[in-house]
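Peer 1:
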Amino acid sequence: MLKKFEVGYMPTNCYVLSDGEIAVIVDPGGGYGKISAYLNENGLNPVAVLLTHGHFDHILDVHKWQKEGVDIFIHEDEASCLFTPEENISSMIGLTIPPVRMYKTFSDGDVLTFGKLSFKVIHTPGHTKGSCCFIMDDGSVLTGDTLMCETYGRTDFPGGSTDRIVSSIKDKLFSLEGDRLIYPGHGDSSTLNHERRFNPVLYL
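For the sequence shown, the working numbering assigns the number 194 to the initial residue and increments by one for each residue that follows.
Set out below in structure tokens:
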């Protein structure tokens, strides 16, 4: 089961995936209170936080979940964002985020399994150097700020690269077999076929 919460400043899409017993939280950029309430109401035990990347609007409440004993997972190239304001760009708006120094890292191609849930990692650099997408059991994809509905992530922040995000989208996401639902870091959900036709990345 997938539940979307719009949280934080932008707002950011935070997703809670559950198998009826445990829950995995993706990109908790806020909303700790309402997400906790949802978990309690449904008898779900949070076991992991997965991060598509390390910008402040996706990691703002990570420290709160860690205090509850929830494991934090982030790509190996992105981990320093958890404790470096210049990299998570919180310093750009004068925001202070408590640093997180206990975490687990993953790499491209890893499969992360929690209870009955699994997530295959696709490293999709471009928005940041360690940006990732996660393929879920039903084939749908959590795309973070790499690929969004008729747009794609900014590349003018530290670690960003237009060439790399174009390659990530065209070579890694658009090459996935068939049509798939995508759940982005901001805005509405979409499908790969829709983005294959209408996303402006096609013209880069």
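Even glycine gets a Cβ: it sits at the ideal position worked out from N, Cα and C. All values reported here derive from a predicted model rather than from experimental measurement.
Who does Phe276 pair with in a DSSP beta bridge?
Peer 2: Translated into the one-based positions of the sequence shown, residue 276 becomes position 83. Its beta-bridge partners do not exist; DSSP assigns none.
Peer 1: Closer than 8 Å, CB to CB, is His268 near chain D or not?
Peer 2: In summary, chain D is missing from the structure at hand, where a single protein chain is found.
Peer 1: Between His246 and Ser382, what straight-line distance do the alpha-carbon atoms span, to the nearest angstrom?
Peer 2: Counting from 1 along the sequence shown, the entry for residue 246 is found at position 53. Counting from 1 along the sequence shown, the entry for residue 382 is found at position 189. Looking at the two C-alpha atoms, the distance is approximately 18 Å.
Peer 1: According to the Cβ coordinates, are Val219 and Leu232 closer than 8 Å?
Peer 2: Taking the first residue of the sequence shown as 1, we reach residue 219 at position 26. Taking the first residue of the sequence shown as 1, we reach residue 232 at position 39. Their beta carbons are not under 8 Å apart, which means Val219 does not touch Leu232 by this criterion.
Peer 1: Quick one: residues in its chain with C-beta nearer than 6 Å to the C-beta of Arg373, no 5 flanking neighbours on either side, listed in chain order?
Peer 2: Residue mapping note: residue 373 aligns to position 180 of the sequence shown, counting from 1. For Arg373, where only same-chain residues beyond five positions count, the Cβ hits under 6 Å are Gly332, Ser333, Val334, Leu385.
Peer 1: Can you list, in chain order, the residues of its chain whose CB lies under 6 Å from that of Gly352, leaving out five sequence neighbours each side?
Peer 2: Taking the first residue of the sequence shown as position 1, residue 352 is located at position 159. So the list reads Thr321, Lys322, once near-sequence residues are dropped.
Peer 1: Could you please give the first and the last residue of the uninterrupted alpha helix (DSSP H) stretch that includes Asp250?
Peer 2: Mapped onto the sequence shown, residue 250 falls at position 57. First-last of the alpha helix (DSSP H) with Asp250: 249-252.
Peer 1: Compare the Cα-Cα distances from Ile286 to each of Pro318, Phe249, Val293, Thr306 and report the closest residue.
Peer 2: Walking along the sequence shown from the start, residue 286 turns up at place 93. With distances taken between Cα atoms, Ile286 lies closest to Phe249.
Peer 1: Would you tell me roughly how many angstroms separate the C-alpha atoms of Glu370 and Thr317, rounded to the nearest one?
Peer 2: The residue given as residue 370 occupies position 177 in the sequence shown. The residue given as residue 317 occupies position 124 in the sequence shown. One C-alpha to the other measures close to 17 Å.
Peer 1: Curious, which full-length alpha helix (DSSP H) runs of at least 4 residues does the region 254-323 contain?
Peer 2: With a minimum length of 4 residues, the continuous alpha helix (DSSP H) runs that stay inside the region 254-323 are 255-260, 278-281.
Peer 1: Can you list, in chain order, the residues of its chain whose CB lies under 6 Å from that of Val304, leaving out five sequence neighbours each side?
Peer 2: One-based indexing of the sequence shown puts residue 304 at position 111. Excluding residues within five positions, the ones whose Cβ falls inside 6 Å are Ser311, Lys313.
Peer 1: May I ask you to report which of helix, strand or coil DSSP gives Tyr231?
Peer 2: Along the sequence shown, one-based indexing puts residue 231 at 38. Tyr231 falls in the helix class under three-state DSSP.
Peer 1: For His268, which of Leu244, Leu395, Tyr225, Gly346 has the nearest alpha-carbon?
Peer 2: As a position in the sequence shown, residue 268 is number 75, starting the count at 1. Here the closest residue by C-alpha is Leu244.
Peer 1: Would the beta-carbon of Val255 fall within 8 Å of that of Val293?
Peer 2: Indexing the sequence shown from 1 puts residue 255 at position 62. Indexing the sequence shown from 1 puts residue 293 at position 100. In this structure, Val293 lies closer than 8 Å to Val255 by Cβ.
Peer 1: For a test of your reading of the model: does the CB of Leu232 fall under 7 Å from any non-hydrogen atom of the ligand SAH? Yes or no.
Peer 2: This structure does not include the ligand SAH; it has no bound ligands of any sort.
Peer 1: Among the residues of its own chain, which have a CB less than 7 Å from the CB of Asp212, if the five just before and after it don't count?
Peer 2: For this step, residue 212 is matched to residue 19 along the sequence shown. Hits under 7 Å: Gly308, Lys309, Leu310.
Peer 1: Note down the Cα distance separating Ile328 from Ser300, rounded to an integer number of angstroms.
Peer 2: The residue labelled residue 328 in the question sits at position 135 within the sequence shown. The residue labelled residue 300 in the question sits at position 107 within the sequence shown. Each residue's alpha carbon lies about 14 Å from the other.
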